[in-house]
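So the structure is just underneath, and the comments pick up after that.
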Amino acid sequence: MTTKARLLAFTIDCADPKGLAAFYHDVTGMEITYAEDEYAAITDGTTSIYFGRVPDRAPVEWPSPDKQFHLDFRVPDVERAVADYLALGATRPEFQPGVTEEGTRWVVLRDPEGHVFCVCPETS
């Protein structure tokens, strides 16, 4: 039987760990537990998101087969959350596979450093 693992954290490469930690703190409400120039962290007490400084990191195009990950967040009101996150510095790319003629299933945004994340309804 394979040893089962529990996710401790997800680490995101970025140029500004403190700035990106502050952005995701505002998005998630997770507590900032560490914030230095080289490294920062937020947590909900169970799972953490870490931010490590990689000064030459360049965001990939969206859509692109080069995208290595994205985060998905559930919210009670997608359009309100999108407006809030845009005000925090996120951007909304033109390509939106979750927005169809039938309605919005999810919205793709990019954080201030260009990482893709999705804003999903609480029920989907």
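Position 63, counted from 1, in the sequence shown is what the UniProt record's numbering calls 63; the numbers after and before it change by one each time, with no gaps. Here a beta-carbon is modelled for each residue, glycine too, at the ideal position from N, C-alpha and C.
Out of curiosity, what's the CA-to-CA distance linking residue i and residue j?
i, j, result
"I12", "K4", "23 Å"
"L20", "T47", "17 Å"
"P76", "D56", "36 Å"
"R6", "A15", "28 Å"
"E79", "G114", "20 Å"
"V107", "T123", "14 Å"
Name the DSSP beta bridge partners of residue i, please?
i, result
"T11", "Y50"
On the CB-based measure, 16 or more other CB atoms within 10 Å of its CB, does residue i come out buried or exposed?
i, result
"H70", "exposed"
"L109", "buried"
"A9", "exposed"
"F95", "exposed"
What do you reckon, are the CB atoms on residue i and residue j nearer than 8 Å?
i, j, result
"T91", "G98", "no"
"E38", "P17", "yes"
"A41", "T28", "no"
"V119", "V60", "no"
"P93", "F23", "no"
Between the options, which lies nearest to residue i when the distance is taken from Cα to Cα?
i, options, result
"P121", "L8, D26 and F73", "F73"
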